[in-house]
Amino acid sequence: MVVVSRVSVVLSVAGGIVAFAFASGAAGEWATKDDAVALVKEAAALIKQRGPEKAYPEISNKAGRFHDRDLYITVLDFNGKVLAHALRGDLIGRSLIKAKDPDGKLYIKERVELARGQSSFWQNYRWLNPATNEIEPQDAYCERLNDTAVCGAVYSF
1 MVVVSRVSVV
11 LSVAGGIVAF
21 AFASGAAGEW
31 ATKDDAVALV
41 KEAAALIKQR
51 GPEKAYPEIS
61 NKAGRFHDRD
71 LYITVLDFNG
81 KVLAHALRGD
91 LIGRSLIKAK
101 DPDGKLYIKE
111 RVELARGQSS
121 FWQNYRWLNP
131 ATNEIEPQDA
141 YCERLNDTAV
151 CGAVYSF
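In structure tokens, the structure reads:
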């Protein structure tokens, strides 16, 4: 009876560990649209609270909280200049207004135009997913903050 009870406990614990590991892996492989909205709001709140001079370096820290799986924050001014980038620090200070997606869409120019006219929006374009090495649809959620667009994009599978 004691042996059966111990085996049951061991199997229950092992089953719980397997279930937990599977659930966290399945739920966490890719960021979601809800994740993008939450991270953009967090970045915008940080900028409002600390000011751009202190917030942009924190947002641009690749190992920091504004880079989560395939989701990262970018901040652009209305000329398409990158002010903060949580994945590619080499882009900070560069104007990407003429940047095109693989289909030739001027997606940064479009993003700036959308930000001038709306306080928040979703933008669709296509981009190389570094995890799959495939060109895939991407959805960027952006919020206008003064004369900037604070954005986070997720792949839409």
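For the sequence shown, position 116 (counting from the first letter as 1) is numbered 116 according to this note's numbering, and the numbering increases by one without interruption. Backbone N, C-alpha and C define an ideal beta-carbon position, used for all residues, glycine too. Note that this is a predicted model, so its numbers are computed, not measured.
Closer than 8 Å: residue i CB and nearest the ligand SAM heavy atom
i	result
ASP34	Because no ligand of any kind appears in the structure shown, any question about the ligand SAM cannot be addressed here.
Backbone secondary structure at residue i - three-state DSSP
i	result
THR148	strand
GLN118	coil
LYS81	strand
Cβ neighbours of residue i in the same chain (closer than 7 Å, five flanking residues each side left out)
i	result
LYS105	TYR125
PHE66	LEU39, ALA43, ILE59, TYR72, ILE73, ALA86
Other residues of its chain near residue i: CB distance less than 6 Å, five sequence neighbours each side excluded
i	result
ILE108	GLY80, LEU96, ILE97, ALA99
LEU128	ILE135
GLU143	VAL40, ALA44, SER120, VAL150
ALA84	TYR56, ILE59, SER60, VAL75
Anticipated Cβ contact below 8 Å, residue i with residue j, distance rounded
i	j	result
GLN138	SER156	7 Å
ARG111	ALA140	7 Å
ILE47	LEU114	Wrong, their Cβ atoms sit about 19 Å apart, outside the cutoff.
Cutoff 8 Å; reference residue i; Cβ partners in own chain excluding five residues on either side
i	result
ASN61	HIS67, ALA86
Mind listing, in chain order, the continuous beta strand (DSSP E) runs of no fewer than 3 residues lying wholly within the stretch 36-102? 71-77, 82-85
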